[in-house]
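Have a look at the structure below before the remarks.
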Amino acid sequence: MQQKEVCHAIARLHENVLAVFLVQDGAIVEWKVRPGTRLPGPHEMEGVMMQRLIMMSLAKNHETFLGRLHYVTGRYDDSDILLFDHGRDAKSLLVVRVRRPYRMEALARKVAGILAA
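The opening position of the sequence shown corresponds to residue -6 in this note's numbering, with each subsequent residue numbered one higher.
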(Lines of atoms letter the chains of each structure in order from A and count residues from 1; the text may use other names and numbers.)
(Lines give C-alpha, C1' and ligand atoms only; values in the text may rest on other atoms or scores of the structure.)
Protein backbone atom coordinates (compact mmCIF):
# COMPACT_ATOMS: atom_id res chain seq x y z
CA MET A 1 0.00 0.00 0.00
CA GLN A 2 1.31 3.46 -0.89
CA GLN A 3 2.00 5.97 1.91
CA LYS A 4 -0.94 8.19 0.95
CA GLU A 5 -3.27 5.17 0.91
CA VAL A 6 -2.04 4.13 4.37
CA CYS A 7 -2.85 7.56 5.82
CA HIS A 8 -6.28 7.68 4.17
CA ALA A 9 -7.17 4.11 5.22
CA ILE A 10 -6.27 4.82 8.85
CA ALA A 11 -8.18 8.12 8.83
CA ARG A 12 -11.30 6.22 7.71
CA LEU A 13 -11.11 3.72 10.59
CA HIS A 14 -13.02 5.94 13.04
CA GLU A 15 -14.90 9.22 12.79
CA ASN A 16 -12.83 10.66 15.66
CA VAL A 17 -9.44 10.18 13.98
CA LEU A 18 -8.32 13.79 13.56
CA ALA A 19 -4.99 13.28 11.82
CA VAL A 20 -2.59 10.66 10.56
CA PHE A 21 1.06 11.56 9.90
CA LEU A 22 3.77 9.43 8.37
CA VAL A 23 7.10 10.77 9.61
CA GLN A 24 10.59 9.95 8.33
CA ASP A 25 13.76 11.53 9.71
CA GLY A 26 11.64 13.97 11.73
CA ALA A 27 9.77 15.32 8.69
CA ILE A 28 6.14 14.69 7.81
CA VAL A 29 6.22 12.94 4.42
CA GLU A 30 2.52 12.10 4.11
CA TRP A 31 -0.61 13.01 6.04
CA LYS A 32 -4.38 13.03 6.19
CA VAL A 33 -5.91 15.72 8.41
CA ARG A 34 -9.58 16.44 9.08
CA PRO A 35 -10.68 20.02 8.35
CA GLY A 36 -10.00 22.33 11.29
CA THR A 37 -7.13 20.23 12.68
CA ARG A 38 -3.85 22.13 12.91
CA LEU A 39 -0.74 20.67 11.28
CA PRO A 40 2.28 20.53 13.60
CA GLY A 41 5.28 22.60 12.61
CA PRO A 42 8.75 21.09 12.04
CA HIS A 43 9.89 21.93 15.59
CA GLU A 44 6.81 20.27 17.10
CA MET A 45 7.29 17.13 15.01
CA GLU A 46 10.95 16.95 16.07
CA GLY A 47 9.69 17.01 19.67
CA VAL A 48 7.28 14.16 18.94
CA MET A 49 10.16 12.18 17.39
CA MET A 50 12.37 12.73 20.44
CA GLN A 51 9.51 11.81 22.78
CA ARG A 52 8.87 8.62 20.84
CA LEU A 53 12.55 7.64 20.72
CA ILE A 54 12.90 8.07 24.48
CA MET A 55 9.62 6.39 25.38
CA MET A 56 10.03 3.46 23.01
CA SER A 57 13.65 2.80 23.90
CA LEU A 58 12.75 2.73 27.60
CA ALA A 59 9.74 0.51 26.99
CA LYS A 60 11.66 -1.85 24.69
CA ASN A 61 14.07 -2.55 27.55
CA HIS A 62 11.24 -4.61 29.07
CA GLU A 63 10.33 -6.67 26.00
CA THR A 64 12.11 -9.78 27.26
CA PHE A 65 9.88 -9.67 30.33
CA LEU A 66 6.62 -8.22 28.93
CA GLY A 67 6.68 -9.17 25.24
CA ARG A 68 6.87 -7.08 22.07
CA LEU A 69 5.98 -3.38 22.27
CA HIS A 70 3.20 -2.61 19.79
CA TYR A 71 2.66 1.14 20.18
CA VAL A 72 3.02 4.05 22.59
CA THR A 73 0.20 6.42 23.49
CA GLY A 74 -0.07 9.84 25.07
CA ARG A 75 -3.27 11.29 26.51
CA TYR A 76 -3.79 15.03 26.23
CA ASP A 77 -6.67 17.33 27.20
CA ASP A 78 -8.65 17.00 23.99
CA SER A 79 -7.15 14.01 22.19
CA ASP A 80 -4.81 11.04 22.31
CA ILE A 81 -1.71 10.38 20.23
CA LEU A 82 -0.83 6.83 19.20
CA LEU A 83 2.74 6.28 17.97
CA PHE A 84 3.62 3.24 15.88
CA ASP A 85 6.99 2.17 14.50
CA HIS A 86 6.75 2.23 10.73
CA GLY A 87 9.46 1.18 8.34
CA ARG A 88 12.72 -0.56 8.89
CA ASP A 89 14.57 2.05 10.93
CA ALA A 90 14.12 3.97 14.16
CA LYS A 91 13.55 7.22 12.26
CA SER A 92 10.17 6.27 10.78
CA LEU A 93 6.90 6.40 12.63
CA LEU A 94 3.18 6.74 12.17
CA VAL A 95 1.34 9.24 14.36
CA VAL A 96 -2.42 8.94 14.85
CA ARG A 97 -4.25 11.73 16.67
CA VAL A 98 -7.73 10.74 17.83
CA ARG A 99 -10.40 12.55 19.83
CA ARG A 100 -12.21 10.65 22.57
CA PRO A 101 -14.42 8.65 22.77
CA TYR A 102 -13.04 5.68 20.87
CA ARG A 103 -11.86 2.17 21.72
CA MET A 104 -8.07 2.33 21.87
CA GLU A 105 -7.36 -1.39 21.56
CA ALA A 106 -9.74 -1.83 18.63
CA LEU A 107 -8.29 1.17 16.78
CA ALA A 108 -4.68 0.15 17.48
CA ARG A 109 -5.35 -3.38 16.23
CA LYS A 110 -6.86 -2.03 12.99
CA VAL A 111 -3.95 0.39 12.47
CA ALA A 112 -1.46 -2.44 13.00
CA GLY A 113 -3.33 -4.52 10.43
CA ILE A 114 -3.06 -1.75 7.84
CA LEU A 115 0.64 -1.27 8.56
CA ALA A 116 1.28 -5.01 8.20
CA ALA A 117 -0.53 -5.22 4.82
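Built from N, CA and C at the ideal position, the CB exists for glycine as well.
Item	Value
Contact set for lysine 122: own chain, Cβ-Cβ below 7 Å, skip 5 residues either direction	Here the chain has residues from -6 to 110 only, and residue 122 is not among them.
Sub-7 Å separation of threonine 30 and alanine 4 beta-carbons	no
Neighbourhood of serine 85 by C-beta distance below 6 Å, restricted to the same chain and skipping five residues each side	Gln17 and His79
Rounded distance between the beta-carbons of valine 10 and valine 180, thought under 8 Å	Any question about residue 180 goes unanswered here, given that the chain covers just -6 to 110.
Threonine 57, DSSP secondary structure in three states	helix
For serine 85: DSSP bridge partner residues	Gln17
Assigned exposure category for tyrosine 69 - 16 Cβ within 10 Å defines buried	exposed
For glycine 40 and alanine 109, the rounded distance between their alpha carbons	26 Å
Glutamate 25 versus methionine 48: straight-line alpha-carbon distance, rounded	Correcting the residue identity first, residue 25 is lysine in this sequence and not glutamate. The straight-line gap from Cα to Cα measures roughly 25 Å.
Per DSSP, cross-strand counterpart(s) of threonine 66	Leu75
Where leucine 11 falls: helix, strand or coil (DSSP)	strand
Reduced DSSP secondary structure (H/G/I, E/B, other) of arginine 90	strand
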